[in-house]
Amino acid sequence: MRVVIGEDLALLRDGLIRLLQAHHFEVVDAVDNGPSLLRALLQHRPDVAIVDVRLPPTFTDEGLRAAIEARRQLPGLPVLVLSQYVEHLYARELLAGGGGGIGYLLKDRISDLDQFVDAVRRVAGGGTAMDPEVIAQLLSRQRASAPLAGLTPRETEVLGLMAEGRSNAAIAGRMFITEKAVGKHTNSIFAKLALPMSEDDNRRVLAVIKYLDQ
Amino acid sequence: MPTPQSALGRHRPLVYLGASAQLAGLGLLSIVLIPLVAMSVALMVIWVGIPLLFGSLALVRAVSMAQRRLGGRLFGHAVEPPYREVHNHGLMEALQIRLTDPATYRDLLWLLISATLGVAVGISTLVFYLIVPLGLVVSPVIVWTFVAIGSFVLRRDDTDEMAQRIGELSTTRAEAVDAQAAELRRIERDLHDGAQARLVALGLNLGLAEQLMDDDPAGARELISESRRSASAALSDLRALVRGILPPVLADRGLNGGLQALALASPVKMDVDLILVGRAPAPVESAVYFAVAETLANAAKHSGGTSGWIWLRHSDGRLSISVGDNGVGGATMVSGGGLHGIGRRLAAFDGTVNVASPIGGPTIVSMELPCVLSSERI
Numbered sequence: 001m002r003v004v005i006g007e008d009l010a011l012l013r014d015g016l017i018r019l020l021q022a023h024h025f026e027v028v029d030a031v032d033n034g035p036s037l038l039r040a041l042l043q044h045r046p047d048v049a050i051v052d053v054r055l056p057p058t059f060t061d062e063g064l065r066a067a068i069e070a071r072r073q074l075p076g077l078p079v080l081v082l083s084q085y086v087e088h089l090y091a092r093e094l095l096a097g098g099g100g101g102i103g104y105l106l107k108d109r110i111s112d113l114d115q116f117v118d119a120v121r122r123v124a125g126g127g128t129a130m131d132p133e134v135i136a137q138l139l140s141r142q143r144a145s146a147p148l149a150g151l152t153p154r155e156t157e158v159l160g161l162m163a164e165g166r167s168n169a170a171i172a173g174r175m176f177i178t179e180k181a182v183g184k185h186t187n188s189i190f191a192k193l194a195l196p197m198s199e200d201d202n203r204r205v206l207a208v209i210k211y212l213d214q
Numbered sequence: 001m002p003t004p005q006s007a008l009g010r011h012r013p014l015v016y017l018g019a020s021a022q023l024a025g026l027g028l029l030s031i032v033l034i035p036l037v038a039m040s041v042a043l044m045v046i047w048v049g050i051p052l053l054f055g056s057l058a059l060v061r062a063v064s065m066a067q068r069r070l071g072g073r074l075f076g077h078a079v080e081p082p083y084r085e086v087h088n089h090g091l092m093e094a095l096q097i098r099l100t101d102p103a104t105y106r107d108l109l110w111l112l113i114s115a116t117l118g119v120a121v122g123i124s125t126l127v128f129y130l131i132v133p134l135g136l137v138v139s140p141v142i143v144w145t146f147v148a149i150g151s152f153v154l155r156r157d158d159t160d161e162m163a164q165r166i167g168e169l170s171t172t173r174a175e176a177v178d179a180q181a182a183e184l185r186r187i188e189r190d191l192h193d194g195a196q197a198r199l200v201a202l203g204l205n206l207g208l209a210e211q212l213m214d215d216d217p218a219g220a221r222e223l224i225s226e227s228r229r230s231a232s233a234a235l236s237d238l239r240a241l242v243r244g245i246l247p248p249v250l251a252d253r254g255l256n257g258g259l260q261a262l263a264l265a266s267p268v269k270m271d272v273d274l275i276l277v278g279r280a281p282a283p284v285e286s287a288v289y290f291a292v293a294e295t296l297a298n299a300a301k302h303s304g305g306t307s308g309w310i311w312l313r314h315s316d317g318r319l320s321i322s323v324g325d326n327g328v329g330g331a332t333m334v335s336g337g338g339l340h341g342i343g344r345r346l347a348a349f350d351g352t353v354n355v356a357s358p359i360g361g362p363t364i365v366s367m368e369l370p371c372v373l374s375s376e377r378i
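In the order they appear, the protein sequences are chains Y and R.
Take 1 as the starting number for the first sequence in the numbering used here and just add one per residue.
Take 1 as the starting number for the second sequence in the numbering used here and just add one per residue.
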């Protein structure tokens, strides 16, 4: 699987390259600023891009903008955005184009190597990987609203994990319950929130995020 | 002010002798200047009077400043020109500034006094010095009195408005300094109890893991994964701290992005209507961001409203922000309350806050502050 990395901190960039190579990814390019990132993405058309939000020359949201612009020109280009902070506003902009292949994670998550590599693969496969903190931001402002208040604590937990982009199997493993039980919770959640059911994992995830982001 | 007796030091007689001579000299100059000014005014019907008046007023200012400096020397205080400033203005504009300046009229009044009384005082006290005992005793008293009158006539025009402004500035500055000190204490405490403590624990755990590595690999593994959680928690403490100092989205996107992010995070559904081309200075951005954040928090906590709006415009060098909700109203600015805090925060930038919140709602909080925009920082 071919990867392009956009990260300005040499230490982290090298660490990412080593980590990905150890998991049999091919790092085709690793750049350290916004303009070269956009060029690299358009030129290499990687299977997945790993991008830091804050990059030179402006050290603001250069990386995010490069990622959004690249996805505008190459629709569906899978991008995993990393940042020291997660902002609901940025998550919304990333998801605005529609389609899957979007990840948005705190940099801390890299330290859980298996989870991180899993997120990279998920995004590369057209799935979603939203940071639990983004989901927490979405949930915290929704708490008061009626339909969500009708969920059981267990269902709320499933909803959160689903919004992060995890499959039923992953949620089951995480919550130490069977996949069948997860399926039951999911059905109940979709009924209570009046969302259209879908067999496709990714469509389901996007529907949940869209609901929470209203 | 020191009396002439107490001020009579060893060199005082010489100082007063010089003062007498200067009073006489300035008086004679004034006698020449009066007809010059009068002639300039008369010649203003033909344009030549305009530059002439401008020039002669400059000479009048020179005389007045010399008089002020004499007062400053005698009474030991600093002298600063009390005139309104003229920069890069055209001749007509500059003359207009001069003619509307109260200090100009104080100068002209003094010109008349100096040309009459001033000459008399200067010459007579000089003559007294010729009769040595009389000059040493009487002249300083007369000179002192006359210069005191001069300093009074030519005093800086400290109007009530200025005094009030100084009062405001002192208060807001003291509050800004206090707030800053409190903020630094909070940051120090947060670092000390949060990230620092967690890093210490992390170091300890890693040290223990190192020792256990050979004898108890499972235990070491457990300690290492605990260390990882500790590092994660330290990072999340630091993130929260940085958000409190300078929210990253505000640093990245300015008020446009910052206020949008606040609206998104608000449990009360907020419509956002912002028109802002360019960026406000960073301290203003920060003050407005936290003021709006506080207002939204109030709305979420107390109003019971279901929707609201954030509106922002910039015109005539002023930034106007209004935040409203459809809640129950009844919000007031009480000392120590959130709205009062917003007022204090903005006062440091000469900003104001108004709250309209009748019982039954709606609540509208309007903020306004002077602000110069720079082009977008890209």
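All C-beta atoms, glycine included, are put in the ideal place defined by N, C-alpha and C.
Cutoff 8 angstroms: residue 257 of chain R Cβ touching any chain Y Cβ:
Position 257 of the second sequence, counted from the start, is the residue given in the question as residue 257 of chain R. Closer than 8 angstroms: yes.
Under 7 angstroms by beta carbon: chain R residues contacting residue 89 of chain Y
Here residue 89 of chain Y is taken as the residue at index 89 of the first sequence, counted from 1. Here the neighbours are 249, 257, 260, 261, 264.
Residue 10 of chain Y vs residue 37 of chain Y beta-carbon contact at 8 angstroms
Along the first sequence, one-based indexing puts residue 10 of chain Y at 10. Along the first sequence, one-based indexing puts residue 37 of chain Y at 37. Contact flag unset, no.
Could you name the residues of the same chain whose beta carbon sits closer than 8 angstroms to that of residue 74 of chain Y, not counting the 5 residues immediately before and after it, in chain order?
For the purposes of this step, residue 74 of chain Y is taken as the residue at position 74 of the first sequence. Excluding residues within five positions, the ones whose Cβ falls inside 8 angstroms are 41, 42, 45.
If we call anything under 8 angstroms between Cβ atoms a contact, is residue 268 of chain R one with residue 299 of chain R?
If you number the second sequence from 1, residue 268 of chain R lands on position 268. If you number the second sequence from 1, residue 299 of chain R lands on position 299. It is a contact, given that the beta carbons lie within the stated cut-off.
Determine which residues of the stretch 234-245 of chain R have a Cβ less than 8 angstroms from any Cβ of chain Y, and write them out in chain order.
235, 236, 239, 242, 243
How big is the Cα-Cα spacing for residue 84 of chain R and residue 14 of chain R?
On the second sequence, position 84 is the one that residue 84 of chain R refers to. On the second sequence, position 14 is the one that residue 14 of chain R refers to. Approximately 35 angstroms, taken between the alpha carbons.
Mark residue 173 of chain R as exposed unless 16 or more other C-beta atoms lie within 10 angstroms of its C-beta, in which case mark it buried.
Within the second sequence, the letter at position 173 stands for residue 173 of chain R. Exposed, by the Cβ-count rule.
State yes or no: is the C-beta of residue 297 of chain R nearer than 7 angstroms to some heavy atom of the ligand SAM?
You won't find the ligand SAM in this model; it holds no ligand whatsoever.
DSSP on residue 129 of chain R, reduced to helix/strand/coil?
Counting from 1 along the second sequence, the entry for residue 129 of chain R is found at position 129. Note: residue 129 of chain R maps to helix in three-state DSSP.
Kindly indicate if chain Y contains any beta-carbon less than 8 angstroms away from that of residue 1 of chain R.
The residue labelled residue 1 of chain R in the question sits at position 1 within the second sequence. Unreliable placement is indicated for residue 1 of chain R, whose pLDDT of 43 sits below 50; no coordinate value is reported for it.
For residue 309 of chain R and residue 360 of chain R, the rounded distance between their alpha carbons
Taking the first residue of the second sequence as position 1, residue 360 of chain R is located at position 360. Taking the first residue of the second sequence as position 1, residue 309 of chain R is located at position 309. The straight-line gap from Cα to Cα measures roughly 18 angstroms.
Return the chain-ordered list of same chain residues with a C-beta closer than 8 angstroms to the C-beta of residue 160 of chain Y, the five sequence neighbours on each side being excluded.
Here residue 160 of chain Y refers to the residue found at position 160 when the first sequence is read from its first residue. Within the same chain, residue 160 of chain Y has close Cβ partners 132, 135, 136, 139.
Reducing DSSP to helix, strand and coil, say where residue 1 of chain R ends up.
The residue given as residue 1 of chain R occupies position 1 in the second sequence. In this prediction, residue 1 of chain R scores a pLDDT of 43, lower than 50, which makes its location untrustworthy; no coordinate-derived value is stated.
Out of R:154, R:93, R:147, R:343, point me to the one whose CA is closest to residue 22 of chain R's CA.
As a first step, residue 22 of chain R is located in the second sequence; it is residue number 22 there, counting from the start. Ranking the options by Cα distance to residue 22 of chain R, first place goes to R:147.
Considering only the alpha carbon of each residue, which of R:132, R:128, R:152 lies closest to residue 142 of chain R?
The residue given as residue 142 of chain R occupies position 142 in the second sequence. Looking at the Cα atoms, R:128 is the closest of the given residues.
Evaluate contact between the stretch 5-23 of chain Y and the stretch 51-65 of chain Y, counting only Cβ atoms and requiring at least three cross-stretch pairs below 8 angstroms.
yes
Using DSSP with H/G/I as helix, E/B as strand and the rest coil, what is residue 366 of chain R?
Translated into the one-based positions of the second sequence, residue 366 of chain R becomes position 366. Residue 366 of chain R: strand per DSSP, three-state reduction.
Where residue 383 of chain R falls, given that 16 or more other Cβ within 10 Å makes a residue buried:
Residue 383 of chain R cannot be examined here, being either before or after the span of chain R that is shown, 1 to 378.
Environment of residue 25 of chain Y [buried if 16+ CB atoms lie within 10 Å]
Locating residue 25 of chain Y in the first sequence gives position 25, where the first residue counts as 1. Flag for residue 25 of chain Y reads buried.
Go to residue 269 of chain R, then tell me how far its beta strand (DSSP E) extends in each direction, as first and last residue.
As a first step, residue 269 of chain R is located in the second sequence; it is residue number 269 there, counting from the start. Element bounds for residue 269 of chain R: 269-274.
Proximal residues of chain R, C-beta to C-beta of residue 85 of chain Y below 9 angstroms
Counted from its first residue, the first sequence places residue 85 of chain Y at position 85. Within chain R, the residues near residue 85 of chain Y are 239, 242, 243, 247, 248, 249.
7 angstroms Cβ cut-off: residues of chain R touching residue 141 of chain Y:
Position 141 of the first sequence, counting from 1, holds the residue named residue 141 of chain Y. Result: 265, 266, 267.
Whether residue 284 of chain R touches residue 169 of chain R by CB criterion (8 angstroms):
Here the question's residue 284 of chain R lines up with position 284 in the second sequence. Here the question's residue 169 of chain R lines up with position 169 in the second sequence. Against a cut-off of 8 angstroms, the Cβ pair of residue 169 of chain R and residue 284 of chain R comes out as no contact.
Taking Cβ positions, are residue 186 of chain Y and residue 202 of chain Y nearer each other than 8 angstroms?
Translated into the one-based positions of the first sequence, residue 186 of chain Y becomes position 186. Translated into the one-based positions of the first sequence, residue 202 of chain Y becomes position 202. Contact flag unset, no.
Selection of the stretch 166-179 of chain R by Cβ proximity to chain Y, strictly under 8 angstroms:
none
Could you have a look at residue 324 of chain R and say whether DSSP puts it in helix, strand or coil?
Translated into positions along the second sequence, residue 324 of chain R becomes position 324. It is a strand residue.
In the DSSP assignment, the beta strand (DSSP E) including residue 30 of chain Y goes from what residue to what residue?
Along the first sequence, one-based indexing puts residue 30 of chain Y at 30. It spans 26-31 - the beta strand (DSSP E) in which residue 30 of chain Y sits, taken as one unbroken run.
Count Cβ pairs between the stretch 151-160 of chain Y and the stretch 106-116 of chain Y that sit closer than 8 angstroms; are there 3 or more?
no
CA-to-CA distance, residue 49 of chain R to residue 42 of chain R, given in whole angstroms
Position 42 of the second sequence, counting from 1, holds the residue named residue 42 of chain R. Position 49 of the second sequence, counting from 1, holds the residue named residue 49 of chain R. Rounded to the nearest angstrom, the two C-alpha atoms are 7 angstroms apart.
Using a Cβ-Cβ distance under 8 angstroms, would residue 378 of chain R count as near chain Y?
As a first step, residue 378 of chain R is located in the second sequence; it is residue number 378 there, counting from the start. Reliability fails at residue 378 of chain R, whose pLDDT of 45 lies under 50, so the model's placement of it is uncertain and the value that follows must be treated cautiously. Yes, contact with chain Y.
At 8 angstroms on the CB atoms, spell out the chain Y contacts of residue 228 of chain R, in chain order.
One-based indexing of the second sequence puts residue 228 of chain R at position 228. Under the 8 angstroms cutoff, chain Y gives 111, 112.
Output yes if chain R places a C-beta closer than 8 angstroms to the C-beta of residue 60 of chain Y; else output no.
Position 60 of the first sequence, counting from 1, holds the residue named residue 60 of chain Y. So, interface residue.
Would DSSP call residue 224 of chain R helix, strand or coil?
For this step, residue 224 of chain R is matched to residue 224 along the second sequence. In the structure shown, residue 224 of chain R sits in a helix (DSSP, three-state: H, G or I).
Is residue 16 of chain R helix, strand or coil by DSSP?
The residue you call residue 16 of chain R lines up with position 16 of the second sequence. Reduced to three states, the DSSP call for residue 16 of chain R is helix.
Buried or exposed: where does residue 67 of chain R fall if 16 or more other Cβ atoms within 10 Å of its Cβ makes it buried?
As a working note, residue 67 of chain R is residue 67 in the second sequence. With 16 or more other Cβ atoms within 10 Å, it is buried.
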